[in-house]
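*Asks:* In our numbering, the protein residues as written are 35 to 351.
Using N, Cα and C, we set each Cβ at its ideal position, and we do this for glycine too.
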């Protein structure tokens, strides 16, 4: 008799003043469905009604016992996080969950609740740009980085404003079950399949501009041509700007130089082909524009710290 693998257990902890989008993101990304090997429970400090932010409240079926059950606990953002710490019972339950091996992931101002455990001391973390100074002031031992979308410190993860919670969730999906599943979830959510955690947060400027959208069409154009030579000049020509202008603004938008981004796009496509096809390493190298298997292995190892063959064994049953 074949035993089915155990589902990854996800708890979404709703605190007083919880922001509705922050609660909904992990609950929807990790939704229990055939294509997603996850089971999700939304919980609170106790079962029952939790007063949320923005005019909404939540009726949660589970209390802190869900944290003892979970493999990963999400801490959605909440209102006025700098005023007081979560209840001692919540902090204790988070520490206990972490001690037995659960990952703790904060979205936006949920980082304050995570910082209250002391688990972020000496580690990099981020939160919504509006609260980065307050987080640094309230928890001076936390290495607050205000210029990133999310930070992965292994067993503790943090993300910036609500939309970057999607980026964090997709990042976790890629690590858990592979880039193919992550891309599938991104398509379901109509979200960008991959934004670097190192990309800058979108903060107010005198002339606001949607971060990352300036060259979105060129990035899509490039993704359709990864098997072909892609030079800086060709990318800039597609974007109808000079190579110098393209390089400067592309790095601002994505956190990578154009050629770094192209290489990572090629490696992401290689990951998907390793997961979902029977193509050989040499065939995949040609498909992604890297020419030879040795070239693919070199860049794959440099970016991901593993080999294509090891990656395929990890993500293909």
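Do residue 148 and residue 136 have their beta-carbon atoms positioned less than 8 Å apart in this structure?
*Replies:* No, the pair does not count as a contact, with Cβ atoms beyond the cut-off.
*Asks:* With DSSP run on the structure shown, which of helix, strand or coil describes residue 65?
*Replies:* Note: residue 65 maps to coil in three-state DSSP.
*Asks:* Let me know if residue 70 comes out buried or exposed under the rule of 16 or more other beta-carbons within 10 Å of its beta-carbon.
*Replies:* Flag for residue 70 reads buried.
*Asks:* Cα separation between residue 163 and residue 250?
*Replies:* Straight-line Cα distance between these residues: approximately 23 Å.
*Asks:* For residue 183 and residue 98, I'd like the C-alpha separation in whole angstroms.
*Replies:* C-alpha separation (whole angstroms): 28 Å.
*Asks:* What does the alpha-carbon distance come out to for the pair residue 150 and residue 172?
*Replies:* Rounded to whole angstroms, residue 150 to residue 172 spans 9 Å at the Cα level.
*Asks:* Smallest Cα separation from residue 308: which of 322, 176, 296?
*Replies:* Ranking 322, 176, 296 by Cα distance to residue 308 puts 322 first.
*Asks:* Does the count of Cβ pairs from the stretch 54-63 and the stretch 195-202 closer than 8 Å reach three?
*Replies:* The stretch 54-63, when compared against the stretch 195-202, does touch it at the 8 Å Cβ threshold.
*Asks:* Going by beta carbon distance, what residues of the same chain come within less than 7 Å of residue 110, once the five residues before and after it are set aside?
*Replies:* Result list for residue 110: 46, 48, 52, 53, 56, 57, 141, 144, in chain order.
*Asks:* Excluding sequence positions up to five away, which residues of its chain have a Cβ less than 7 Å from the Cβ of residue 185?
*Replies:* Around residue 185: 158, 159, 160, 179, 191, 192, 231.
*Asks:* When you compare only the Cα positions, how much space is there between residue 290 and residue 74?
*Replies:* One C-alpha to the other measures close to 34 Å.
*Asks:* What distance in whole Å lies between the Cβ atoms of residue 256 and residue 299, which are believed to be in contact at a cut-off of 8 Å?
*Replies:* About 7 Å separates the two Cβ atoms, so the contact holds.
*Asks:* Measure the alpha-carbon distance for residue 218 versus residue 181 and round it to whole angstroms.
*Replies:* The alpha-carbon atoms of residue 218 and residue 181 are separated by roughly 28 Å.
*Asks:* Taking C-beta to C-beta, are residue 267 and residue 252 nearer than 8 Å?
*Replies:* Against a cut-off of 8 Å, the Cβ pair of residue 252 and residue 267 comes out as no contact.
*Asks:* Please go through the same chain and pick out, in chain order, the residues whose beta-carbon is closer than 6 Å to the beta-carbon of residue 352, but skip the five residues on each side of it.
*Replies:* No information on residue 352 is available, as it lies outside the stretch 35 to 351 that the chain covers here.
*Asks:* Would residue 342 and residue 304 be called neighbours here (beta carbons separated by less than 8 Å)?
*Replies:* Yes; because the gap between Cβ atoms is below 8 Å, this pair is in contact.
*Asks:* Put residue 248 into one of helix, strand or coil per three-state DSSP.
*Replies:* Here residue 248 sits in coil by DSSP.
*Asks:* Spatial neighbours of residue 248 within its chain, please: C-beta separation below 7 Å, excluding the five flanking residues on both sides.
*Replies:* Excluding positions up to five away in sequence, the list reads 283, 287.
*Asks:* If you reduce the DSSP assignment to three classes, tell me which class residue 306 lands in.
*Replies:* Residue state, collapsed to three classes: helix.
*Asks:* Checking the sheet assignment: what are the DSSP bridge partners for residue 94?
*Replies:* Looking at the DSSP assignment, residue 94 forms a beta bridge with 82.
*Asks:* If I follow the unbroken beta strand (DSSP E) through residue 73, where does it start and stop?
*Replies:* Residue 73 -> beta strand (DSSP E) spans 72-77.
*Asks:* Kindly indicate which residue of 169, 132, 302, 220 has the alpha-carbon position closest to the one of residue 153.
*Replies:* Cα-wise, what sits closest to residue 153 is 132.
*Asks:* Does DSSP put residue 108 in a helix, in a strand, or in coil?
*Replies:* Strand at residue 108.
*Asks:* Using three-state DSSP, classify residue 342 as helix, strand or coil.
*Replies:* Helix.
*Asks:* Report back the beta-carbon spacing between residue 72 and residue 44 to the nearest angstrom; my notes put them in contact at under 8 Å.
*Replies:* With a Cβ gap of about 5 Å, residue 72 and residue 44 count as contacting.
*Asks:* For the alpha helix (DSSP H) that contains residue 128, what are its first and last residues?
*Replies:* Counting along the chain, the alpha helix (DSSP H) containing residue 128 begins and ends at 122-133.
*Asks:* Hey, residue 50 and residue 92 are a contact pair by Cβ (cut 8 Å); roughly how many whole angstroms apart?
*Replies:* Their Cβ separation, rounded to whole angstroms, is 10 Å, which puts residue 50 and residue 92 out of contact at 8 Å.
*Asks:* Applying the criterion that 16 or more other CB atoms from any shown protein chain within 10 Å of the CB defines a buried residue, is residue 336 buried or exposed?
*Replies:* Label assigned to residue 336: exposed.
*Asks:* Please return the same chain residues whose Cβ sits closer than 8 Å to the Cβ of residue 313, not counting the five positions on each side in sequence.
*Replies:* Only 307, 321 meet the Cβ criterion.
*Asks:* Write down the C-beta distance between residue 81 and residue 96 rounded to the nearest angstrom, noting that I regard them as a contact closer than 8 Å.
*Replies:* The Cβ separation is near 6 Å, so the contact holds.
*Asks:* Tell me which same chain residues have a C-beta within less than 8 Å of the C-beta of residue 333, skipping the five on either side of it?
*Replies:* Only 297, 300, 301, 324 meet the Cβ criterion.
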